[in-house]
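K.L.:
Would you mind keeping the following structure in view while I ask a few things?
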Amino acid sequence: MIAKKQTKLLIILDGWGHSDVVENNAIAQAKTPVWDQFNEDFPHSLISTSGKEVGLPGEQMGNSEVGHLNLGAGRVVKQDFTRIHNEIKNGDFLRNPILKNSLEYANDNNKAVHIMGLLSDGGVHSHEEQIHAMLEMTKKHECKEVYLHIFVDGRDCAQKSAKKYIQTLEDKISEIGIGEIASVIGRYFSMDRDNRWARVRCAYELIAKGKGKFLAQSAVDAIDMAYERGETDEFVQSTVIKAPTKIKKGDVLIFMNYRADRARQITQAFFDENFQGFSRGTFVPTQFVCLTEYKKDFNLPAAYPSTKLNNVLGKYLSNLGMTQLRIAETEKYAHVTFFLNGGVESPFYGEDRVLIPSPDVATYDLKPEMSAFELTDELVEHIESQKYDLIICNFANTDMVGHSGKLDAAIKAVEAVDACLGIVYQAMHEINGEM
């Protein structure tokens, strides 16, 4: 008979913050009897989750990846954004050997250079300064053909802010005399992480084959056309700029996003010969370069390889012979596993993982509860089993629905999570666990 554990539970309410401002504040406006009772009955405090406190530059806002990395490490972790930002400032970026080698290869073999990535100053998955710096590097190396494939944001920045970033990029292109924007598409398509391959296919065919739903004479025109169709930046449909640009065999393709979770699927589509997500037709191999290491078994060159974090929470518990469970919806599965484990993909000894599929809807404001109740049912079963020393659970709702910008939906998301907290708390109370 297996001895029952004195289970402890860490719940991460992704996107749940605190502000005294009530206007447009879903958490303040929602009915949250469980949360209110917690605050009345138990000691609590606030922590800062941005800037230098979590290893980011200055006042840069935090994000889910950064939060989970710091939680799992138990210390301030210097982020990839900070590493790259510092190297751009001191000039080391222009001397990066992986990037340098890729440009030299393009020149030596008469190949084009394609640069793709999210263009904004959001600082969550990318930053415009990195795309500008990469463009500067192609100028330094006198590359002949340089094409930019732009993912527009509208999620980590204002919903209709793409034109200012595009204009700044076009000013840079004019200033240094190299590069042209070949395509524009919203991150909804190019940066999916939940196996919605039909979305990724739209981005792949635009970049690889020059096939888009729309044709525009400039990137700014592409955004204007999207706004006329009622789209915000995140949802801009695939648009070819001026004339189709195809990726040819052996061309260099550099992906300028530094955060792994939303970079993996489209990366697979470009490099994996055995890719099964959708039919690509004839596979065209490229010299694919990642800005950071998206996944170790991709075995792709990365300009900034992962730095190893020692003695993270999961490894520490494993070394003590303790058991642990990580549980989340698919949208946040990487956060409670890969990111919480300091960028380690495989589970530690004694670590189990449970994945609950996120709902198959176009946007989560259409189902604000997401899969929170299914997640809660599964979580309660594992609590009652008393099999684990520590359970770590992520509720995704307030982050994922909050990103929609729809206040009514966000309020419903908050209330769903609050209801789930009540169920989970009761289950923990019944086994005398600690939450």
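Mapping of the sequence shown onto our numbering: residues 585 to 1019, in sequence order.
All C-beta atoms in this analysis are idealised placements derived from N, C-alpha and C, irrespective of residue type, glycine included.
Closest by CA to H716, which one among C727, V708, K728 and L703?
P.N.:
Measuring from the Cα of H716, the nearest candidate turns out to be L703.
K.L.:
Rounded C-beta distance between I762 and T722? I'm assuming under 8 Å.
P.N.:
Going by Cβ atoms, the distance from I762 to T722 rounds to 6 Å, so yes, they are a contact pair.
K.L.:
Could you tell me how far apart the beta carbons of Q871 and V824 are, in whole angstroms, since I believe they sit closer than 8 Å?
P.N.:
Contact doesn't hold; Cβ gap of about 23 Å is too wide.
K.L.:
Report all residues from its chain with a CB closer than 6 Å to the CB of K662; omit the five preceding and five following residues, and keep chain order.
P.N.:
Same-chain partners within the cutoff: G639.
K.L.:
For N858 and A810, I'd like the C-alpha separation in whole angstroms.
P.N.:
Each residue's alpha carbon lies about 34 Å from the other.
K.L.:
Ignoring anything shorter than 3 residues, give me the beta strand (DSSP E) runs that lie fully in the region 917-965, in order along the chain.
P.N.:
The qualifying runs are 935-940.
K.L.:
Please list the segments of the alpha helix (DSSP H) lying wholly inside the region 722-776, counting only runs of 4 or more residues, in order along the chain.
P.N.:
Whole alpha helix (DSSP H) segments, 4+ residues: 746-760 and 771-774.
K.L.:
Alpha carbon to alpha carbon, how far is M645 from G701?
P.N.:
Using only the alpha carbons, I get a separation of about 20 Å.
K.L.:
Which partner residues of T823 appear in the DSSP bridge assignment?
P.N.:
Answer is V768 and F798, bridged to T823.
K.L.:
In whole angstroms, give me the CA-to-CA distance for Q743 and T947.
P.N.:
Cα to Cα, Q743 sits roughly 15 Å from T947.
K.L.:
Leaving aside the five residues before and after C977 along the sequence, list all residues of the same chain whose C-beta is less than 6 Å from its C-beta, in chain order.
P.N.:
These residues qualify, in order along the chain: I595, I911 and L963.
K.L.:
Considering Cα atoms alone, identify which of D961, K793 and R739 is closest to K833.
P.N.:
Checked all of D961, K793 and R739; the closest Cα to K833 is K793.
K.L.:
Taking the straight line between their C-alpha atoms, what separation do you get for G796 and V1008?
P.N.:
Computed Cα separation, rounded: 47 Å.
K.L.:
Closer than 6 Å by C-beta to K951: which residues in its own chain qualify, once you throw out the five before and the five after it? Chain order, please.
P.N.:
Taken in chain order, the residues that qualify are P943 and V945.
K.L.:
Straight-line CA distance for S955 to G927?
P.N.:
Taking the straight line from one Cα to the other gives about 25 Å.
K.L.:
Select from E713, Q751 and S686 the residue whose C-alpha is nearest the C-alpha of V730.
P.N.:
Nearest C-alpha to V730: S686.
K.L.:
Does DSSP classify N609 as helix, strand or coil?
P.N.:
N609: coil per DSSP, three-state reduction.
K.L.:
Can you list, in chain order, the residues of its chain with a C-beta nearer than 7 Å to that of R843? Leave out the 5 residues immediately preceding and following it.
P.N.:
Same-chain partners within the cutoff: E649, V708 and H709.
K.L.:
Measure how close the beta-carbons of D668 and Q613 come, nearest whole angstrom, since I'm counting them as under 8 Å.
P.N.:
Inspection of the sequence shows that residue 668 is occupied by Ile rather than by Asp. Actually they are not in contact, since the Cβ atoms of I668 and Q613 sit about 38 Å apart, beyond 8 Å.
K.L.:
What is the C-beta distance between V1001 and A993, in whole angstroms, given that I count them as a contact (C-beta under 8 Å)?
P.N.:
In fact, because the Cβ distance is near 13 Å, the residues do not count as touching under 8 Å.
K.L.:
Since S902 and G934 are thought to touch, with beta carbons under 8 Å apart, how far apart are those beta carbons, to the nearest angstrom?
P.N.:
Between G934 and S902 the Cβ distance is about 5 Å, and since that is below 8 Å, they are a contact.
K.L.:
Counting only runs that start and end within the region 687-726, where is the alpha helix (DSSP H) found for 4 or more residues in a row?
P.N.:
DSSP runs (the alpha helix (DSSP H)) wholly in the region 687-726: 712-724.
K.L.:
What does the Cβ neighbour count give for H919, buried or exposed, with the cut at 16 atoms within 10 Å?
P.N.:
Counting Cβ neighbours within 10 Å, H919 comes out buried, since at least 16 surround it.
K.L.:
Kindly indicate which residue of D705, M718, N694 and H698 has the alpha-carbon position closest to the one of F677.
P.N.:
Looking at the Cα atoms, M718 is the closest of the given residues.
K.L.:
What residue range does the alpha helix (DSSP H) around V650 cover?
P.N.:
Unbroken alpha helix (DSSP H) run through V650: S648 to A657.
K.L.:
Counting C-beta neighbours from all protein chains within 10 Å, is the total for T591 16 or more, i.e. buried, or is it exposed?
P.N.:
So T591 counts as buried.
K.L.:
Pull up the distance between the alpha-carbon of V938 and that of K990, whole angstroms please.
P.N.:
Each residue's Cα considered, the two are about 29 Å apart.
K.L.:
Is A980 closer than 8 Å to K916 when the C-beta atoms are compared?
P.N.:
Taking 8 Å as the Cβ cut-off, K916 and A980 qualify as a contacting pair.
K.L.:
Could you pull out every residue in the same chain whose Cβ sits closer than 7 Å to the Cβ of N680, ignoring the five residues on either side in sequence?
P.N.:
Only A887 meet the Cβ criterion.
K.L.:
Within the continuous alpha helix (DSSP H) that includes E624, where are the two ends?
P.N.:
Element bounds for E624: P617 to D625.
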